[in-house]
Amino acid sequence: MFVDQVKIYVKGGDGGNGMVAFRREKYVPKGGPAGGDGGKGADVVFEVDEGLRTLMDFRYQRHFKAPRGENGMSKNQHGKNATPLVVKVPPGTVVMDEDTQEVIADLTEHGQRAVIAKGGRGGRGNTRFATPANPAPELCEKGEPGEERNVILELKLLADVGLVGFPSVGKSTLLSVVSSAKPKIAAYHFTTIVPNLGMVETDDGRSFVMADLPGLIQGAHEGVGLGHQFLRHIERTRVIVHVVDMSGMEGCDPYEDYVTINDELKQYNLRLTERPQIVVANKMDMPEAEENLQQFKEKVGDDIKIIPISAFTRQGIRDLLFEVADLLEETPEFPLYEVEEEPSVHRVVYKFEKEDDGFTITRDSDGAFVLSGKRIEKLFKMTDFTRDETVRRFARQLRGMGVDDALREKGAQDGDIVRILEFEFEFIE
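Per the numbering used here, the very first residue in the sequence shown carries number 5; after that it's consecutive.
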């Protein structure tokens, strides 16, 4: 089964917890704090494996959670960092954040890696909090939560040449003739329901990858037919081979078909019009093909190069392959996304942005005040509420963020309930 788009959940590992410990060794007076830091949580890393051709594996496993770091230990021993969780993906995979629609990574080369979700740092042990005023603190941090996100994986095939056209114009037959690929061929529409790849070699030793894509029809860019879900595979191709049925067997006008397909490509992605296109007049072995070809040439003009072939009799195939190979040599790759500027160019841009408070306050139906926000929830998760000194530190952090004043402005009074995640506190003046 060919799968080219999936949605999965990834989470980096949480950091290990810091430890509260003290040296209690014989002959070591005033040993002091000796709690070690926790280890770093594991990253979720995507790595390209050229042996994969589909995203099928992600249909069965959609959650990827990296291991957490080891907790800190006594005698100032730090916890071990967790080993990154490596997930194999096929070449041509684009990773996109579902919420922001931001492209996180475009993975094309074998062995290429990208960190999709970062692990959290380890919490600090009580040794880190020792000061002259408090030389023996009973204070530590829990590990930082790892980054978590829902991502969309899209597979866009790595092919040099893409075959496009209406259903049953002979794309699969052409691919089977010029390569060792064995696509399904039959006398009905939408025989091809998944993309097929084939390695093509010309008589002079040049080679390239050709992709046969499911047939397009009018409205494909809006989801009509099979074209919508497979149009994405054309985006990586450097040359488009537009196959047109010149026989007119099904009562179709070759010129109208040609215009319709080009309009669908333009509507789907305007940048597809940048690709050089070779028009292939197929089924020239049929009776009315020559007459239709002359009319087609008159309508498209002399600027469009047309190569007449018959995939069935293999007429004109050699000339077509030479033409495609020549065009590939002079056609650069088209990046899917804008490439960042060269690192040698350094620019400093100053932009005023309002500082985020780090929290928001809402009111539940039961009257409780609800604190939410990434920053405040992160502080909450890194606080060990089993130790009074750590709780007092958390209260000072909230006061420093302006939470107390903000609650008073919202009308909070002594004894009101304040909720963070699933935990509740009393507001005390």
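Ideal placement from N, C-alpha and C gives every residue a C-beta, glycine not left out.
query	result
Three-way DSSP call (helix, strand, coil) for Leu-331 in this model	helix
Coarse secondary structure for Gln-271, derived from DSSP in three states	helix
Residues near Thr-335 by beta carbon distance below 7 Å, same chain, minus five either side	Arg-242, Val-243 and Pro-280
Short Cβ contact (8 Å threshold) for Asn-200 with Met-250	no
Supposed contact pair Ala-134 and Gly-36 - C-beta distance, whole angstroms, cut 8 Å	7 Å
Where Met-214 falls, given that 16 or more other Cβ within 10 Å makes a residue buried	buried
Separation of Ser-376 from Gly-434, as counted between CA atoms	The chain is shown only over 5 to 433; residue 434 falls outside these bounds and no answer can be derived.
Residue burial classification, Lys-469 (beta-carbon count within 10 angstroms, cutoff 16)	Outside the shown range of the chain, which is 5 to 433, sits residue 469, and nothing can be said about it.
Of the listed residues Asp-53, Pro-94, Pro-312 and Glu-327, nearest to Glu-158 (C-alpha basis)	Pro-94
Under the three-state DSSP convention, the category Asp-392 falls into	helix
Rounded C-alpha distance that separates Pro-139 from Asp-388	20 Å
Neighbourhood of Asp-368 by C-beta, 8 Å cutoff - its chain only, sequence neighbours within 5 removed	Val-374 and Arg-423
Top-ranked residue by Cα proximity to Glu-152, from Lys-382, Leu-217, Glu-428 and Ile-432	Lys-382
Span of the beta strand (DSSP E) around Asp-249	243 to 249
Endpoints, alpha helix (DSSP H) assigned at Asn-296	293 to 304
Option in Ile-365, Gly-96 and Gly-166 with minimal Cα separation from Gly-406	Ile-365
Where Tyr-64 falls, given that 16 or more other Cβ within 10 Å makes a residue buried	exposed
Same chain, Cβ closer than 8 Å to Lys-11, five either side skipped, listed in chain order	Arg-66, Glu-102, Asn-154, Val-155, Ile-156 and Leu-157
Range covered by the beta strand (DSSP E) that runs through Ser-211	211 to 216
CB of Ile-113 within 8 Å of CB of Gly-19, strictly	One point to set straight first is that residue 113 is Glu, not Ile, in the sequence displayed. Cβ atoms of Glu-113 and Gly-19: not closer than 8 Å.
DSSP three-state assignment for Glu-29, whether helix, strand or coil	coil
Val-119 versus Val-283 - alpha carbon distance	42 Å
Exposure of Gly-419, with buried meaning 16 or more beta-carbon neighbours within 10 Å	exposed
Outcome for Glu-145 when other beta-carbon atoms lying within 10 angstroms are tallied against a minimum of 16	buried
Three or more C-beta pairs below 8 Å linking the stretch 265 to 273 and the stretch 300 to 310	no
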